[in-house]
Each structure stands twice: as C-alpha cells, then as structure tokens.
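Student:
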Amino acid sequence: MGLTLDDPHKPRDSLTVTDNRTGKTVDIPISRNSVPATAFKKLSLAKAREGQDRPEDEVESGLRVFDAGYQNTAVVQSAITFIDGEAGVLRHRGYPIEQLADKSTFLETAYLLLYGELPTSAQYKLFSREVMHHTFVHRDMADIVASFRFDSHPMAILTASFAALGAYSPEGNPALAGQKIYTAPTDAALRLLDKQIFRLIGKSITLAAMAYRMRQGRQFVAPPAGMGYAESFLYMMDHLNEGSEYRPHPTIAKALDTLFLLHADHEMNASCAAVLQVGSTLVDPYSAVSAGCAALYGPSHGGANEAVIRMLVDIGSPDNVPAFIERVKRKEAVLSGFGHRVYVATDPRSKIIQKIAEDVFALTGKDPLLDTALALRDAALKDSYFISRRLYPNVDFFSGLIYRVLGFPTDFFPVLFAVPRVVGWLAHWRQMMLAGTAAVKIWRPRQVYVGEGERNYVGMKERGEEGAQQGKKKKERGSEPSKVHHPTSTRVFLARESKL
Numbered sequence: 001m002g003l004t005l006d007d008p009h010k011p012r013d014s015l016t017v018t019d020n021r022t023g024k025t026v027d028i029p030i031s032r033n034s035v036p037a038t039a040f041k042k043l044s045l046a047k048a049r050e051g052q053d054r055p056e057d058e059v060e061s062g063l064r065v066f067d068a069g070y071q072n073t074a075v076v077q078s079a080i081t082f083i084d085g086e087a088g089v090l091r092h093r094g095y096p097i098e099q100l101a102d103k104s105t106f107l108e109t110a111y112l113l114l115y116g117e118l119p120t121s122a123q124y125k126l127f128s129r130e131v132m133h134h135t136f137v138h139r140d141m142a143d144i145v146a147s148f149r150f151d152s153h154p155m156a157i158l159t160a161s162f163a164a165l166g167a168y169s170p171e172g173n174p175a176l177a178g179q180k181i182y183t184a185p186t187d188a189a190l191r192l193l194d195k196q197i198f199r200l201i202g203k204s205i206t207l208a209a210m211a212y213r214m215r216q217g218r219q220f221v222a223p224p225a226g227m228g229y230a231e232s233f234l235y236m237m238d239h240l241n242e243g244s245e246y247r248p249h250p251t252i253a254k255a256l257d258t259l260f261l262l263h264a265d266h267e268m269n270a271s272c273a274a275v276l277q278v279g280s281t282l283v284d285p286y287s288a289v290s291a292g293c294a295a296l297y298g299p300s301h302g303g304a305n306e307a308v309i310r311m312l313v314d315i316g317s318p319d320n321v322p323a324f325i326e327r328v329k330r331k332e333a334v335l336s337g338f339g340h341r342v343y344v345a346t347d348p349r350s351k352i353i354q355k356i357a358e359d360v361f362a363l364t365g366k367d368p369l370l371d372t373a374l375a376l377r378d379a380a381l382k383d384s385y386f387i388s389r390r391l392y393p394n395v396d397f398f399s400g401l402i403y404r405v406l407g408f409p410t411d412f413f414p415v416l417f418a419v420p421r422v423v424g425w426l427a428h429w430r431q432m433m434l435a436g437t438a439a440v441k442i443w444r445p446r447q448v449y450v451g452e453g454e455r456n457y458v459g460m461k462e463r464g465e466e467g468a469q470q471g472k473k474k475k476e477r478g479s480e481p482s483k484v485h486h487p488t489s490t491r492v493f494l495a496r497e498s499k500l
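First residue of the sequence shown: 1, per full-length UniProt numbering; consecutive thereafter.
Below, the structure is given as structure tokens:
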C-alpha cells in the first residue's frame, strides 16, 4: 500500500521535538536546512519544578537555544556570500573567488557585493567615479588623526577616524535626520544610503594612508586624480613630492588590488556581525563600520596576519621549525595562520595569495622569513597532529609576508584587512536596511543566567572581613578588584628626597 497524505512515515520538511519533561511534542518547520529558534519557545513549563529549576531559568517563557559563540546559529538570511567550509568553496553572489581574483578588480567585486550583479561599463564608471570622488576628507580630520600619539596602533587611529567621519555627515545620521532615513521605501532613502557607502569606501584608503604617514611624521597627501583604488592608496602612502608623474609600480598596485578583493567579504564573521549588531539599532553607518573595525582589530580576527609575522620572527630560521612544532603540540606556543573557524579542509584564498606572493617576490626579492614560513607549512602539512585537527594554511599565512616585503609595518597589516572589508560590511548593512523598518529587528541575544538567586542586602558592617556574601564558598578568580602597582609619582619622590 502506498503512502497517504496522513501517513506519519512520509518525509516532511519539519523537525518533531518531544519535551521529555512534559511529554509535549511540537513540529518545527525546516526551511533551507534551518529551523527557527523561536519555535522552541513553545516548549515551556507552567512553573519551575521544585529542586530542579530556579526562577532565573525562566521555564515559563519557553526553551532557549544555548549556542556559545554562535557556533551553529544563523542570524540573517543573506544573498551576498556563500561559503562551504568542508569543500573549501567561497563565492560572491554565485561567482567563485578564484574567477573573481583572476578576472575582476576590487571595485568591480565591490559593486557585485553591494548590488548583486557585475556592472555594465556605464554602471562601473558611475560607481568608481563616485567612490574615487569621495576619497577626500574634511581638513579637520587631519587634526584628529594628528592628535594621536606617534606610537599609536594604526587600527586604533582608523577605528576612531571612522567614528569621527559621522560628525561630518549629519544628514546621514538617523539620530539627527530621522529614524527611517535608510529603511523608508523611497528613492530618496536609497540615494542617501548609497551616498554614505560611497563616502566610506572612498575615505577608508585616505584615512588609512593618513594613519600610516602620521606615525612616520610625514605630511598627509591629497588623493590623486586618474588612478585606481589600490593605486591611489599606495600613492597617498608613498608620495614624496617627486612630482606629478609619480605612480606606484603596476605589479604592486595589481597585487594589492587582488589582496583587497580577497578580503572584501567573508560572510557572517566576527566583524561583520559586529557591524550588523550595531547597525540593527539604526545608528549611522560610520558608527557601525567603526564597530566592525574594532572587532577586526583583535588578533583572533584581523590581527592574525600580524601574529603570523611575529611568530615567524620568533621561530628565527627553518632549523628551529621542528622544535617550534613540538612546542605547539605541548600547547607552549601558538600556531598562527593555520586553521579557520569555517574552512576545515583548505582556505581557497590561500592558494591565490601564494600566486600573488610569487609575482611580488619576483619583483622585490623574497622575504627573509619565506624559507621559515615554507618549512613550517611543509612540516605542519605532514604532521598527523595538525592533519587530524585539519589545520591548514589560511589567508593570513602568506598575506603578511607580502605586506612585509612591500615595506608595510607589521602593525599596519590589520589596516590592510580593514580597508577592503569595509565593502563587505556595507554590503551586509545595505541588505539589512533595504529589508525595511519592519524587518530590521534590533539584535538582542538571550543569555542563560547561572548567577545567584534572589538574596537580601547586608550592610557593610555586618559583612565581616571575608564578606557575608561569600559565606563558606571559595573565592573565585576575578571575584574582587586586582591590586594594581602604581609607580611612585614625581611629586612624592621629590618630597622624599627633600627629607633626606
């Protein structure tokens, strides 16, 4: 007998979940191989069970989904970037990253990420003209950048500079111009939204170049005319008043443009999630991009290529690689530039970067650390310890070597990651804003509270030395303020000297 419509064994696009606490069963729909987390709220208890649940467990409100660090939680529906970590696949709007890196340019790929299709000649001309037109910054920004200490980390300068940009675009600030200026379904809202995007993409290379030159004590350089995106960036960093005929070397400009393309977007990573979390409050895009820049600053994210160079310097030479490998296995050292949160087999960008490295080294000569890097790569790829953990070179492993041989300071590497990633952040922010006011929901993750239950206040005199709140519990690390050492001030020192 064939299956009937009511046959319980017929496959259905749903998940049947039984709450063994109550015996209640719910059907949760499956769409695009995902389930809505809010459906689990249907599994609730009428009240907390004595001895098993606390009021803080909020059992009456329904079951919560606990996912530390968003390891398996989808927070948006997106049509921008697809990653298959098992197969080592990265596609932007359906186009493989290998094809884009070989045939496209950074600004063309930026257009693709933002607007969904590769541009026509007329569309690209309009887009690139707008972006390059907005490379100029207000002269007061020079004072802001120059106010930082000479040894400030360039990512600190860039993060603050993005936030400061918002002060120069009051018409683009929802707090000043109106909450719905980007989410309203009007042509005016769309034009205003795109104008901020042009500004941020254009000005990011200028701000980055200013941060670079400020730390060297060199005057800032105005954006040039008639140059491409990466070429203009290199010009603003390196121009030494040689005259108007100066142009960066085309091989270097092409290499940097491709590196920018490879870093333009990578789906819902930590910095992109930061941009969207902040953006979900309907704040201005400059503040949202600044938040993304701050997230990218971390050594576990955009600072990884900087960490690779420091690691290779510490290793010293290929002869020291075996000993370093053993230290990593004993968890006495950190292996940077290997493995990825998403890719478990190979990072498709790493192979492209190796080819870029060959082109650059053919022009500049190879970096002295290259032999150490290759020895480390080969040793790790043959070692069962790293093979079993699927630790393969990622995009950060070789990019730092390229930046280093081009003369970029090590702490400037994250800036070279942030500049192109602005495009990806804005593509996702734009997608969110175009969903409309009703669809833009403020991101408000839940938590599982594990702290103390309700208790009564005890006066300071009654708490005792160890504190009545502590009771007989063992003090936990971090349960009280640390004692910080403060150097003796000059005033106190002089007062002591006068008594001698």
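Yeah, the Cβ is synthetic: ideal placement off N, Cα and C, and Gly gets one too. Since this is a predicted model, take the numbers as computed values, not measurements.
Hey, TYR235 and PRO250: beta-carbon distance below 9 angstroms or not?
Tutor: The answer is no: Cβ separation not under 9 angstroms.
Student: Rounded to the nearest angstrom, how far is the Cβ of GLY424 from that of PHE413, given a contact under 8 angstroms?
Tutor: Wrong, their Cβ atoms sit about 18 angstroms apart, outside the cutoff.
Student: Could you compute how far the alpha carbon of HIS263 sits from the alpha carbon of PHE417?
Tutor: Approximately 6 angstroms, taken between the alpha carbons.
Student: Would you kindly work out how many angstroms separate the C-alpha atoms of SER388 and SER271, rounded to a whole number?
Tutor: Their backbone Cα atoms lie some 29 angstroms apart in a straight line.
Student: Touching or not, the stretch 157-170 and the stretch 97-110, by the rule of three or more beta carbon pairs under 8 angstroms?
Tutor: Touching, no, given that fewer than three Cβ pairs across the two stretches are closer than 8 angstroms.
Student: To which residues does DSSP link ILE83 through a beta bridge?
Tutor: For ILE83, which the question treats as bridged, DSSP gives the partners LEU90.
Student: From this set, LYS329, SER280, PHE398, VAL328, which residue's C-alpha is nearest VAL76's C-alpha?
Tutor: Per the Cα distances, SER280.
Student: Compute the Euclidean distance between the alpha carbons of ALA333 and ARG327, then round it to the nearest angstrom.
Tutor: The straight-line gap from Cα to Cα measures roughly 6 angstroms.
Student: Tell me whether the stretch 206-215 and the stretch 135-143 touch, counting them as touching only if at least three CB pairs, one residue from each stretch, are closer than 8 angstroms.
Tutor: The stretch 206-215 vs the stretch 135-143: in contact.
Student: Mapping the DSSP letters down to three states, classify ILE30 as helix, strand or coil.
Tutor: ILE30 falls in the coil class under three-state DSSP.
Student: Please classify residue 503 as buried or exposed, where buried requires at least 16 other C-beta atoms within 10 Å of its C-beta.
Tutor: Outside the shown range of the chain (1 to 500) lies residue 503, about which nothing can therefore be said.
Student: How far does the beta strand (DSSP E) with ASP19 in it reach, from first residue to last?
Tutor: Counting along the chain, the beta strand (DSSP E) containing ASP19 begins and ends at 14-19.
Student: How would you label PRO203, buried or exposed, when you count the other beta carbons within 10 angstroms and need 16 or more for buried?
Tutor: In the sequence as displayed, the identity of residue 203 is Lys instead of Pro. Answer is buried; the Cβ neighbour count reaches 16.
Student: Jot down the residue ranges of each uninterrupted alpha helix (DSSP H) in the stretch 211-276, minimum 4 residues, whole runs only, in chain order.
Tutor: DSSP runs (the alpha helix (DSSP H)) wholly in the stretch 211-276: 229-238, 250-262.
Student: Which of helix, strand or coil does DSSP assign to TYR70?
Tutor: In the structure shown, TYR70 sits in coil (DSSP, three-state: anything other than H, G, I, E or B).
Student: Once DSSP output is grouped into helix, strand and coil, what is the label at VAL35?
Tutor: Three-state result, VAL35: coil.
Student: Short check: CB of LEU193 to CB of ARG430, under 9 angstroms?
Tutor: Contact: yes.
Student: Looking only at its own chain, which residues have a Cβ that is under 6 angstroms from the Cβ of ALA74, when we skip the five neighbours before and after it?
Tutor: Correct list, in chain order: SER34.
Student: Just the C-alpha distance for PRO248 and GLU231, rounded to the nearest angstrom, thanks.
Tutor: So the two alpha carbons sit approximately 6 angstroms from each other.
Student: Which residues in the same chain have their Cβ closer than 6 angstroms to the Cβ of THR437, if we skip the five residues on either side of it in sequence?
Tutor: Excluding sequence neighbours, THR437 sits near LYS180, THR183.
Student: For PHE412, which residues does DSSP report across the bridge?
Tutor: PHE412 is not bridged to any residue.
Student: Are LEU114 and LEU426 touching if we call contact CB-CB under 9 angstroms?
Tutor: Yes.
Student: Using CA coordinates, which residue listed in ALA435, ALA68, PRO318, LEU363 is at the minimum distance from ALA380?
Tutor: Among ALA435, ALA68, PRO318, LEU363, the Cα nearest to that of ALA380 belongs to PRO318.
Student: With distances taken between CB atoms, is the gap from LEU259 to ILE356 smaller than 9 angstroms?
Tutor: Contact flag set, yes.
Student: Can we count ILE201 as close to the ligand GTP, meaning its CB is less than 8 angstroms from some heavy atom?
Tutor: The ligand GTP is not among the ligands present in this structure, which contains no ligands whatsoever.
Student: Can you tell me which of the three DSSP states PRO487 falls into?
Tutor: The answer is coil: DSSP assigns PRO487 none of H, G, I, E or B.
Student: At 4 residues or longer, what runs of the alpha helix (DSSP H) sit wholly inside the stretch 296-363?
Tutor: 304-315, 321-329, all fully within the stretch 296-363.
Student: Assuming LEU261 and THR109 make a contact with CB atoms under 8 angstroms, what is their CB distance in whole Å?
Tutor: Confirmed, about 5 angstroms.
Student: Just the C-alpha distance for ASP314 and HIS133, rounded to the nearest angstrom, thanks.
Tutor: Going by the C-alpha atoms only, they are around 43 angstroms apart.
Student: Nearest-angstrom Cα distance between ARG310 and LEU43?
Tutor: One C-alpha to the other measures close to 50 angstroms.
Student: List the whole-angstrom C-beta distance separating ARG54 from GLY453, where the pair is believed to meet the contact cut-off of C-beta under 8 angstroms.
Tutor: The Cβ separation is near 6 angstroms, so the contact holds.
Student: Between ASP19 and ILE30, which are expected to be in contact by the criterion C-beta below 8 angstroms, what is the C-beta distance as a whole number of angstroms?
Tutor: With 8 angstroms as the limit, ASP19 and ILE30 do not qualify as a contact, their Cβ atoms being about 19 angstroms apart.
Student: Can you give me the C-alpha to C-alpha distance between ALA439 and LEU276, rounded to a whole angstrom?
Tutor: If you take the alpha carbons of ALA439 and LEU276, they lie about 13 angstroms apart.
Student: Taking the C-alpha atoms as reference points, what is the distance between PHE40 and GLY23?
Tutor: One C-alpha to the other measures close to 14 angstroms.
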